[in-house]
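Asks:
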Amino acid sequence: MTGPAGRSSQPDPPESPWRRLDARMLAVFPVKQAAALLPLLVVVLIGGRGDGLWQLVGAIAGPTALVAFGLLRWLTVRYRVGPERVELRSGLLNRQHRSVRRDRVRTVDLTASPVHRIFGLTVVEIGTGSQSGKDGGLSLDAVTAVEAERLRRELLDRAIPDHPPPDSVAAAGTAPTSGVDGRGPGVVESVARLRVSWLRFAPLTGSGLVAVGAVVGTAFQLGGELGVRVTDLDVVARVGDRLGAVPLWLAVLVIGTAFSLVGALGSLAIYLEAWWRYRLTRESDGTLRLRRGLLTTRSLSIEQRRMRGAEVSQSLSLRLFGGARCTAVTTGLDASAGVGGALLPPAPAAEAHRVAAAALHLADQGQGSAAALRRHPGAALRRRLLRAVAPVCLLVVGAWWAARTVPELSPVWPAAVLALPLATALGMDRYRNLGHALRPEYLVIGSGSVVRRRVALQRRGIIGWRLRQSLPQRRAGLVTLDAVTAAGRGRYSVVDLPIGWARELVEQVNPGLLPAEQRPSGPARSASAGTEHAAGDLPAERAGGRAQE
Amino acid sequence: MDPMPSAAAPRPPRFRVDPRAKHWWTVRALIGAGAALVPQVVAALLVVDAGWLLATSVMTAMAGAGYVLVMPRLRYRVHRWEADERAVYTLSGWLRLEWRVAPISRIQTIDTERSPLQRLFGLATVTVTTASAAGPVRIEGLDAAGADALARRLTEITRSEHGDAT
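So the protein sequences, as listed, match chains A and B. Each residue of the first sequence is one higher than the one before, starting from 0 at the first, in numbering that gives the first Met the number 0. Each residue of the second sequence is one higher than the one before, starting from 0 at the first, in numbering that gives the first Met the number 0.
1. How about A/Arg453 and A/Val443: do their beta carbons lie closer than 8 Å?
2. Output the distance between the C-alpha atoms of A/Ser316 and A/Leu294, rounded to the nearest integer angstrom.
3. Got a sec? Which residues, its chain only, sit under 6 Å from A/Glu552 by beta carbon, not counting five neighbours each side?
4. Compare the Cα-Cα distances from A/Ser15 to each of A/Thr423, A/Leu287, A/Gly81 and report the closest residue.
5. Compare the C-beta of B/Ala8 against all C-beta atoms of chain A and say whether one is closer than 8 Å.
6. Could you give the DSSP three-state label for B/Asp147: helix, strand or coil?
7. Which ranges does the alpha helix (DSSP H) cover as unbroken runs of at least 4 residues, wholly within the segment 199 to 228 of chain A, from first to last along the chain?
8. Can you pull out the residues from the segment 466 to 493 of chain A whose beta carbon lies closer than 9 Å to at least one beta carbon of chain B?
9. Give the interface partners of A/Gly511 over in chain B, defined as CB-CB distance under 7 Å, in chain order.
10. Using C-beta distances below 6 Å, list every residue in its chain close to B/Trp80, excluding the 5 sequence neighbours before and after it, in chain order.
11. Closer than 9 Å between beta carbons: that is the criterion. Which residues of the segment 14 to 43 of chain B meet it against chain A?
12. So, with DSSP's three-state summary, where would you put B/Phe14?
13. Tell me the residue span of the beta strand (DSSP E) that contains B/Glu112.
14. Indicate whether at least one CB of chain B lies closer than 8 Å to the CB of A/Gly521.
15. Give the residues of chain A in contact with B/Ala130, contact being defined as C-beta atoms less than 7 Å apart.
16. Compute the Euclidean distance between the alpha carbons of A/Glu302 and A/Ala273, then round it to the nearest angstrom.
17. Can you tell me whether DSSP reads A/Thr256 as helix, strand or coil?
18. Determine the contact status of B/Tyr75 and B/Ala32, defining contact as a CB-CB distance below 8 Å.
19. Are the segment 185 to 199 of chain A and the segment 238 to 255 of chain A touching, with three or more C-beta to C-beta distances below 8 Å?
20. Cβ of A/Gly292 less than 8 Å from any chain B Cβ?
21. Taking A/Gln54 as the reference, which of A/Val311, A/Leu65, A/Val41 has the closest Cα?
22. Report the rounded CA-to-CA distance for A/Glu124 versus A/Gly340, giving the unit in angstroms.
23. Taking A/Pro38 and A/Leu193 to be in contact with their CB atoms under 8 Å, please state how far apart those CB atoms are, rounded to whole angstroms.
24. Enumerate in chain order the residues of its own chain whose CB-to-CB distance from A/Arg353 is below 7 Å, with the five nearest sequence positions on each side excluded.
25. Go ahead and pull the three-state DSSP assignment for A/Thr286.
26. From the beta carbon of B/Arg74, is the nearest beta carbon of chain A less than 8 Å away?
27. In chain A, what lies closer than 9 Å to B/Ala133 by C-beta?
28. Thinking just about the alpha-carbon of each residue, which of B/Ala28, B/Arg95, B/Ala42, B/Gly92 is nearest to the one in B/Ala62?
29. Do three or more CB pairs link the segment 201 to 218 of chain A to the segment 260 to 279 of chain A at distances below 8 Å?
30. Distance, Cα to Cα, B/Leu96 vs B/Val69?
31. Could you check where the beta strand (DSSP E) with B/Trp23 kicks off and where it finishes?
32. Indicate the three-state DSSP secondary structure (helix, strand or coil) for B/Thr128 in the structure shown.
33. At a cut-off of 7 Å, would you count B/Arg27 as near the ligand FMN, judging by its Cβ distance to the nearest heavy atom?
34. Name the DSSP bridge partner or partners of B/Trp98?
35. Check whether the segment 139 to 151 of chain B and the segment 121 to 128 of chain B touch, using three or more Cβ-Cβ pairs below 8 Å as the test.
36. List the DSSP bridge partners of A/Val450.
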């Protein structure tokens, strides 16, 4: 990435100028806020029991306050992109100054809600690895789409370390137009895009029911505020009467079907809104870029060097229909925050593995998430079965005892017995999915049943190990091995691994990290002497070639 | 029951913690057991005809006594640590064993910490953190002066290292 040609002729200024957010925010901010406050406004203007004067005052004061606040915000918020730091200033009385080191920037996220899009604006979220306050990233709401794109390119443009040189960055900061236009679009490689056939997975995600529940709940609440009782509505009452007349099982069936249908439609709508025009590309500077969204458009860029792996996960419903999700294991994205690191909408499992491999620059999926796993020994199967079946056995005994004391509960315990084969199947399935594989660049871990996961973790990204052994595991000679990483969930567990295998695995990934075996184990050292000795002058016996970077 | 790991396990770290850690753990266990027991005894004395409260109190007292007597000894047999220019390595636990190893090259911070109770016994804890929230390596119950020396030494070693793999 070379800088603009005029670099040498133009000495870089000591400070790049502060810039304001786009003036169109003066219009967008009140509209957005008003939309969020709409239910409240409706209640105040229609349902309120105050006299007309107060309603009039409210109707005028509210929007005026919003416009004034938006103006104040536009006047006070400023940002600048310097050679080393991105800075954001805000606040009139309570002045805030946030500053993020540019080499800490991991992700640049562009989001545009429908209102923003009407005015051609985009919100820029700059993410760093850390979630803590000072370096926790910053958000520009909002700048023009062109400026957002320029910021995205500029902030992530260091595919080759130490490029571009600091002076060219400073120049690009001051002369944005020449900086971007001189660069050109470069070669963009397409990794994946949405196929219409994937929509069949939408109803399996279950997000629809939650959303429909939320909408219904809000409607009830709003109705309550306005004095409308939903049960009083004519339609609802008539449906209620009809259902009351038919047998119970039919009513349950009808209501169940209705809920599933509405839920499926809701899921479909959410899938379309979130993933419409989805495409995953690799930009010319090596970053992965994900763009999606029907009404609100989102663009997420992940620096390739920060990709620590990929995960392919299947909930039970997705798995039944051959679907899977694919998420990135990377720093700068919070894995716990919903679709945080999603690289792909729910899609066929083969596609998920393909995208996982492509995102990690792997030519062969077998080197990543689709690797053939090494099964864990029979002791692991016994443990899985015991852990799945034992609670159900307790349940059966409890139900049997309850049925003896309370006769009305007698139909419960045969039902509990029926859960036994289910629990056995669950245990078997958990064992079948358990396993690990070590590939030249990645450690692949398989686990789970209700949510089956395959994670390919970059070996260089592993920054420590934990071996945990409970009492039953000790008897079975097994351990749980945690690969610790800065990315994603922080640690990824290989469950019920023979302890010798665990030691070998650590040794293969980080040779020499665990102490060598043939050394005389020295349990006889007196403790105080040991600490003093070791603290003052550390033993230098394991000084060999360092294997990790 | 033998608290030590089996032969296939990684070699235990070389150094035991300070023997005074046993006393520290004992006092901690006493405080914990007391916190569980005292409310039950008080309730049993206040409530008339509370046979079951008395029964749970006796059970708590027995379990607490066992914990206070057994846990510190088992812990002292298990807890070990080792640090050199490649890695910090610990083994801890008493019923549940846990090995942790962090390469020196990935260390971000080194802290020494002394709680009032630890100060009473002249002990300290050294905590070594990496970029992951999941991976701090803690060495509890070190001799206070030794802990400071260890922290200094580790700081010195890590000064020459770069890259925390975030």
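The beta-carbon is built from N, C-alpha and C at its ideal position, and this holds for glycine as well.
Replies: Let me spell this out:
1. Contact: yes.
2. 28 Å
3. Residue 552 of chain A lies beyond the residue range present for chain A, which begins at 0 and ends at 548; the question has no answer from this structure.
4. A/Gly81
5. yes
6. Helix.
7. 206 to 224
8. Leu466, Arg467, Gln468, Ser469, Leu470, Gln472, Arg473, Gly476, Val478, Asp481, Val483, Thr484, Ala485, Ala486, Arg488, Gly489, Arg490
9. Arg85
10. Pro12, Phe14, Thr89, Ile138
11. Phe14, Arg15, Val16, Asp17, Pro18, Arg19, Ala20
12. strand
13. 108 to 112
14. Since pLDDT at A/Gly521 reaches only 42, below the 50 mark, its modelled position is unreliable, and the value read off the structure follows with that caveat. By this cut-off, A/Gly521 is an interface position.
15. By Cβ distance, chain A contributes Ile462, Ala485.
16. 22 Å
17. It is helical.
18. no
19. no
20. no
21. A/Val41
22. 15 Å
23. With 8 Å as the limit, A/Pro38 and A/Leu193 do not qualify as a contact, their Cβ atoms being about 33 Å apart.
24. Residues of the same chain with a CB within less than 7 Å of the CB of A/Arg353, apart from the 5 flanking positions on each side, are Gln364 in chain order.
25. Three-state DSSP puts A/Thr286 in coil, outside helix and strand.
26. Closer than 8 Å to the CB of B/Arg74 there is not a single CB belonging to chain A.
27. Gly463, Arg465, Asp481, Val483, Thr484, Arg488, Gly489, Arg490
28. B/Ala28
29. The segment 201 to 218 of chain A is in contact with the segment 260 to 279 of chain A.
30. Answer to the nearest angstrom: the Cα atoms are 15 Å apart.
31. Where B/Trp23 is concerned, there is no enclosing beta strand (DSSP E), although the alpha helix (DSSP H) it sits in stretches over 19 to 45.
32. strand
33. The ligand FMN is not part of the structure shown, which contains no ligands of any sort.
34. Paired residue(s): A/Leu466, B/Leu90.
35. yes
36. Answer is A/Ser314.
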